[in-house]
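The structure appears right after this line, and notes come after that.
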Amino acid sequence: MRRAISRRQFLISSGATAVGALLVACGGEAPAEVAPAADAPAAADAPAPAADVPAGKYREAPMLAEQVSAGALPPVDERLPEEPWVVEIKDSIGQYGGKLSSVVADPTANLFEISNARNANLARRSPDLAGIVPFVVESWELSDDFTELTVHLRPGLKWSDGTPLTTEHVLFWYEDILL
Numbered sequence: 000m001r002r003a004i005s006r007r008q009f010l011i012s013s014g015a016t017a018v019g020a021l022l023v024a025c026g027g028e029a030p031a032e033v034a035p036a037a038d039a040p041a042a043a044d045a046p047a048p049a050a051d052v053p054a055g056k057y058r059e060a061p062m063l064a065e066q067v068s069a070g071a072l073p074p075v076d077e078r079l080p081e082e083p084w085v086v087e088i089k090d091s092i093g094q095y096g097g098k099l100s101s102v103v104a105d106p107t108a109n110l111f112e113i114s115n116a117r118n119a120n121l122a123r124r125s126p127d128l129a130g131i132v133p134f135v136v137e138s139w140e141l142s143d144d145f146t147e148l149t150v151h152l153r154p155g156l157k158w159s160d161g162t163p164l165t166t167e168h169v170l171f172w173y174e175d176i177l178l
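In numbering that gives the first Met the number 0, the protein residues as written are 0 to 178.
Here it is as structure tokens:
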């Protein structure tokens, strides 16, 4: 059953929304930038800028680079597939660490946002949001009677520890997690 909203409830809700927007728009100035402490690490400790990375080399998170140095992980080139999917840089190369900020009214909505950032789906939306494009899979075919879907994994996909990704992993995800 659909419940109608009264004019009074509508006006109160609209007014509260307008006041909230006004408070946000007229909020105080951003906090002043704090000068670095005297015991702050030297600039030499900072990661090298992207220009210093030789062409054809891949970068990785500092925590993963430490694990490679310690021998706990294979080098990044050995962990990547034959043709890595590379995100196009829009503004600038990001910085590792810090705080993830998001503008969402519902605190539980961020769970979906974070989940999407860390999961690799079989397909994803195209950058222009006009369609679906392969991601973990290289291609797919649907049978004429729409009863079978055949997917072809991108060659050389690996887990972060260098273990090859197989169809058994995809079946486990589909049968034991998704369903």
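Backbone N, C-alpha and C fix where the C-beta goes; we use that ideal spot for every residue, glycine too. Model, not experiment: these values are computed from the prediction.
Contacting residues, own chain, Cβ-Cβ under 6 Å from residue i (five flanking each side not counted)
i       : result
Ser-12  : none
Phe-134 : Asn-120, Ala-122 and Arg-123
Gln-66  : Leu-72
Among the options, the one whose alpha carbon lies nearest that of residue i
i       : options                               : result
Leu-152 : Ala-3, Ser-68 and Glu-140             : Glu-140
Gly-96  : Ala-60, Lys-157 and Ala-71            : Ala-60
Pro-154 : Asp-160, Glu-147, Thr-166 and Phe-145 : Thr-166
Ser-138 : Leu-148, Asp-144 and Ala-129          : Leu-148
Pro-83  : Trp-172, Trp-158 and Leu-10           : Trp-158
Gln-94  : Ala-69, Asn-118, Met-62 and Glu-81    : Met-62
For residue i, the residue or residues it bridges with in DSSP
i       : result
Leu-233 : Absent from the structure is residue 233, since the part of the chain shown begins at 0 and ends at 178.
Ile-11  : BP columns for Ile-11 are empty, so no partner.
Lys-56  : Its beta-bridge partners do not exist; DSSP assigns none.
Pro-163 : Lys-157
Pro-133 : Ala-122
7 Å Cβ shell around residue i - same chain, five flanking residues per side excluded
i       : result
Leu-170 : none
Gly-161 : Pro-73, Glu-77 and Arg-78
Gly-55  : Model confidence at Gly-55 stands at a pLDDT of 45, short of 50, so the residue's coordinates are unreliable; what they give is reported in the following sentence. The answer is none, since no qualifying residue turns up.
Glu-81  : Pro-154 and Gly-155
Proximity of residue i and residue j at Cβ, strictly below 7 Å
i       : j       : result
Val-136 : Ser-125 : no
Leu-164 : Leu-156 : yes
Val-75  : Tyr-57  : yes
Contacts around residue i, its chain only, beta-carbon distance under 8 Å, and the 5 residues preceding and following it disregarded
i       : result
Pro-143 : Checking the sequence shown, residue 143 turns out to be Asp, not Pro. Counting only Cβ-Cβ distances below 8 Å, and skipping sequence neighbours, we find nothing.
Pro-40  : Its pLDDT being 48, under 50, Pro-40 is placed unreliably by the model, and nothing is read from it.
Asp-90  : none
heavy atom of the ligand MG below 6 Å from residue i C-beta
i     : result
Arg-6 : The ligand MG is absent from the structure shown, which contains no ligands of any kind.
Next item on the list: Taking only runs that begin and end inside the stretch 69 to 102, name each unbroken beta strand (DSSP E) of 3 or more residues, in chain order.
Entry: none
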